[in-house]
Amino acid sequence: MKKTLILVVFFIFVLHSVSAFTPTNASIAAELNITSAQACVDNLKALNISISRANDSLTSAEQQYSAQFALEKSGGYADYSLVTQYSEQTCNVRDVAIKATDELTIFMQTYNQAAGQLNLSSMDSTYNSIMEAYKQQRFEDTISLINQGYNVLSQTEAQQTQINLFYQSTTQNIGSFFIKSWKIIVIVLAVLIALSLLFWRSVKIWAIKRKLSELKLRKNSITGLIKKTQLDYFKSKKIGELEFNVKMETFKNLIRDIDRQVPLYSEQLAKMERAKKVYKQK
């Protein structure tokens, strides 16, 4: 009888101890952070973007939460700061991944259009670096390399334009002139130098116009992506509000950057054209 009474008292004590545990506000907040981080990973899945980097941060957050929650239940002091840090890191990876994907899409449209008109083999190294960085989920590097890619693309266009103008300004008989006499060679070189000086402004003006055309093309591409994103959010409901806001902010920043560059190039173009007119009048 006494043993039975002791067992009853023991079970009552255990049940009371279990029912008396109440999660702290910190643990509840940490759990909500993990839920948000999981939603960020789900966003990437829906967009067919690689999730391993974001998922690593999410897994770290879940492991930290499990360890700290167990410590809290046992009466110890639980610190959920790393849970918050890894959860925020997960969503930060999501944001930069979406931005890198959108910018890569725009860059590829510009690159493919230029490839139809120019020989871009000289920028194969830059192109491969961009694709490799994105494949390895180095999204921050991808964005930086894309900006470098635009610079290399512009330089390639300018160089090939100069080469085309060079060949257009020479005759088909230059080869025979080189063979006949060194005097003729000297004359040809002098002519080429004069032609280079003559066409310098024309090449510069063409390059600026080309850059303005490129910026217009990029803006049109971004505008198309904005319309598609709006349809996916408002009409077909393919994306959520958070993803929609992130994408729209990315597009807004890209268009703002283009609108900043256009007046600068337009001003340069106006100056060059005025200088060209003055030179012709002389």
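Going by numbering that gives the first Met the number 0, the residue at position 221 of the sequence shown is 220; the numbering climbs one at a time, nothing skipped.
Cβ coordinates follow ideal geometry from the N, Cα and C atoms, glycine included.
Taken atom to atom, the span from the alpha-carbon of Lys234 to that of Glu240 is near 13 Å. Judged by beta-carbon spacing, Leu224 lies beyond the 8 Å limit of Gln112, meaning their Cβ atoms are not closer than that value. Rounded to the nearest angstrom, the Cβ distance from Tyr79 to Ala29 is 4 Å, consistent with a contact under 8 Å.
About 5 Å separates the CB atoms of Ile33 and Ala60; that is less than 8 Å, so the two are in contact.
Taking Gly148 as the centre and dropping the five residues before and after it, the same chain places the C-beta of Phe106, Tyr110, Met122, Thr125, Tyr126 and Ile129 closer than 8 Å to its C-beta, in chain order. Contact annotation, Ala206 with Thr160: C-beta distance approximately 6 Å; criterion of less than 8 Å satisfied. For the 8 Å CB-CB criterion, Ser35 and Ser86 form a contact.
Contact fails between the region 135-142 and the region 243-252, because fewer than three Cβ pairs, one in each stretch, are under 8 Å apart. If you check the CB distance, Ala77 and Gln67 come in under 8 Å. Linking Lys226 to Ser220 through their CA atoms gives a straight-line distance of about 10 Å.
Judged by beta-carbon spacing, Tyr264 lies beyond the 8 Å limit of Lys203, meaning their Cβ atoms are not closer than that value. Distance between Val40 and Lys237, taken at the CA atoms: about 16 Å. If you draw a 10 Å sphere on the C-beta of Glu272, you find fewer than 16 other C-beta atoms in it, and that means exposed. Nearest to Lys276 by alpha-carbon distance, out of Tyr232, Ile257 and Arg200, is Arg200. With fewer than 16 other beta carbons inside 10 angstroms of its own, Ser73 counts as exposed. Sorting Ala53, Thr104, Asp231 and Tyr232 by C-alpha distance to the C-alpha of Asn91 places Ala53 at the top. In this structure, the CA atom of Asp94 is about 25 Å from the CA atom of Gln260.
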